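Colleague:
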Amino acid sequence: MKIAFVGKGGSGKTTLSALFIRHLAAAGCPVIAVDADINQHLGPALGLTDDQAAALPSLGAHLPEIKEYLRGSNPLIGSAEQMIKTTPPGRGSRLLRIVEDNPVYAACARPVALDEGSVRLLATGAFTEEDLGVACYHSKVGAVELLLNHLVDGQDEYFVTDMTAGSDSFASGLFTRFDLTFLVAEPTRKGVSVYRQYKEYARDFGVALKVVGNKVNGAEDLAFLRREVGEDLLTCFGQSDWVRRLEQGAEPELRTLEPANRAVLARLREQAELAFAARDPELWTSQAVHFHLRNAESWGNAKTGIDLADQVDAGFVLGAAQLDTAGV
Ligand SMILES: Nc1ncnc2c1ncn2[C@@H]1O[C@H](COP(=O)(O)OP(=O)(O)O)[C@@H](O)[C@H]1O
Ligand SMILES: [Mg+2]
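Read in order, the letters of the sequence shown are residues 1 to 328 in full-length UniProt numbering.
#1: Determine the closest residue to Asp153 out of Gly213, Leu95, Ala36, Leu48, with distance taken between C-alpha atoms.
#2: Quickly, what does DSSP pair Lys210 with across the bridge? List them, please.
#3: Excluding the 5 residues preceding and the 5 following Ala61 in the sequence, name in chain order all residues of the same chain whose CB lies nearer than 8 Å to its CB.
#4: Name the two residues that bound the continuous alpha helix (DSSP H) containing Asp51.
#5: Helix, strand or coil for Asp35? Go by DSSP, reduced to three states.
#6: Compute every distance between the C-beta of Leu46 and the non-hydrogen atoms of ligand 4, then say whether any falls below 8 Å.
#7: If you draw a straight line from the C-alpha of Leu274 to the C-alpha of His41, how long is it?
#8: Do you know offhand how far Asn295's Cα is from Thr86's?
#9: Residues in the same chain with beta-carbon distance under 6 Å from Gln155, minus the five sequence neighbours each way, listed in chain order, please.
#10: Counting Cβ pairs, one atom from each stretch, are 3 or more of them under 8 Å apart for the stretch 25 to 42 and the stretch 177 to 192?
#11: So, Ala208 versus Phe170, is the Cβ gap smaller than 9 Å?
#12: Cβ atoms of Val112 and Ala54: under 9 Å apart, would you say?
#13: Quick check on the burial criterion: 16 or more other C-beta atoms within 10 angstroms. Buried or exposed for Arg71?
#14: Exposed or buried, Asn217, counting other C-beta atoms within 10 Å across all chains shown (16 or more means buried)?
#15: Look up Cys236 in the DSSP assignment and give the residues it is bridged to.
#16: With a CB to CB cut of under 7 Å and the five nearest residues on each side skipped, what residues in its chain are close to Arg267?
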């Protein structure tokens with residue numbers, strides 16, 4: 001399951017993605033956690049010290065190796081240099097599984113032990129607004145898009161990404177690569193306006209988007225979100241003393257999280273399970289191709305000096321067939 005947490009800065013993306021990751025790990029699900037936010041805070045939110053977090057390898061710095069690995073023996077991709085962030089997989093490409101060892105994880109993923117279970121953590125590396133946008137060949141979030149486009153993941157396996165709702169995700173196809181996107185919104189006009197903007201982009205591509213209210217305190221907050229968001233509002237996480245203790249440097253155990261907030265995490269998981277049933281591999285693959293062609297035309301062809309449309313393996317659909325052979 002490919003899950004994204006998006007929302008405006010400070011809304012609680014990192015807090016809720018870290019808690020969801022811990023909830024999944026506690027249930028025994030294999031999880032790859034991905035920090036793709038401008039402000040790289042997921043490591044510390046999962047309990048790493050600042051030094052450990054600073055020592056995390058960055059996907060951005062390993063992009064050439066990642067491309068070299070993923071292209072495998074795909075005859076349509078002549079070299080790693082000709083591979084851009086939207087280059088889709090085809091026959092001969094190497095696919096990634098959540099549970100496996102591969103050179104990408106060896107170079108970039110680090111295990112993180114939690115109070116219940118453990119996960120592997122990937123980080124894009126810090127980036128600035130200048131790194132963002134369609135014209136940037138070395139876009140760090142581009143590495144995440146490549147991984148997602150080559151990922152074969154089963155029902156109880158999770159790839160959870162802590163992301164911004166910024167222009168970076170719309171510049172490419174990244175925002176369409178998830179089975180489910182949780183938009184974290186505080187019960188404020190700004191929180192809701194980010195939702196509206198995201199919804200606008202998402203609509204044309206059938207992106208499954210659910211709003212998770214955060215720092216919701218009382219009936220009026222709830223009524224506000226219900227009114228502004230309507231049926232896209234999935235559930236609300238309350239203003240939490242437990243989160244505050246965490247923020248103060250305590251290391252509270254997950255099982256001591258307020259029961260109502262723990263129930264919110266369970267609700268997110270249920271929604272993810274529903275999204276699994278709604279997967280459409282053909283549509284998903286065709287969107288990867290769509291964004292690749294768009295990126296090729298707008299900058300990729302000029303950058304690489306070749307026609308990147310030739311990289312599309314028309315008969316290839318990433319989905320059930322590869323899932324059946326996953327781990328073999
Ligand atoms: N439900 C909550 N209750 C109390 N504090 C919260 C809650 N959610 C987030 N916070 C606090 O709000 C701040 C911003 O949260 P964070 O997860 O870092 O946001 P983002 O990743 O969206 O920028 C942090 O100090 C965090 O501890
Ligand atoms: Mg954050």
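The beta-carbon is built from N, C-alpha and C at its ideal position, and this holds for glycine as well.
Quantities reported herein were computed from a predicted structural model and do not represent experimental measurements.
Modeller: Taking the geometry as given:
#1: As a first step, residue 153 is located in the sequence shown; it is residue number 153 there, counting from the start. Of Gly213, Leu95, Ala36, Leu48, the residue nearest in Cα terms is Leu95.
#2: Walking along the sequence shown from the start, residue 210 turns up at place 210. Per DSSP, Phe182.
#3: Against the sequence shown, residue 61 aligns to sequence position 61. Cβ neighbours of Ala61 beyond the five flanking positions: Gly125.
#4: Walking along the sequence shown from the start, residue 51 turns up at place 51. Per DSSP, Asp51 belongs to the alpha helix (DSSP H) from 50 to 54.
#5: Looking up residue 35 in the sequence shown gives position 35. Residue state, collapsed to three classes: strand.
#6: No copy of ligand 4 appears in this structure; the ligands present are ligand 1 and ligand 2.
#7: Your numbering for residue 274 matches position 274 in the sequence shown. Your numbering for residue 41 matches position 41 in the sequence shown. Near 29 Å, if we compare the C-alpha coordinates of His41 and Leu274.
#8: As a working mapping, residue 295 is identified with position 295 in the sequence shown. As a working mapping, residue 86 is identified with position 86 in the sequence shown. If I take the Cα positions, the gap works out to 7 Å.
#9: The count along the sequence shown starts at 1 and reaches residue 155 at position 155. Contacts found: Phe276.
#10: no
#11: Position 208 of the sequence shown, counted from the start, is the residue given in the question as residue 208. Position 170 of the sequence shown, counted from the start, is the residue given in the question as residue 170. No, Cβ-Cβ distance for Ala208 and Phe170 is not below 9 Å.
#12: Within the sequence shown, the letter at position 54 stands for residue 54. Within the sequence shown, the letter at position 112 stands for residue 112. No; because the gap between Cβ atoms is not below 9 Å, this pair is not in contact.
#13: Here the question's residue 71 lines up with position 71 in the sequence shown. Buried is the call here.
#14: By 1-based counting over the sequence shown, the position of residue 217 is 217. By the neighbour-count rule (16 or more Cβ atoms within 10 Å), Asn217 is not buried but exposed.
#15: Here residue 236 corresponds to residue number 236 of the sequence shown, with the count starting at 1. Gly213.
#16: Start at 1 with the first residue of the sequence shown, and residue 267 comes out as number 267. Leu234, Thr235, listed in sequence order.
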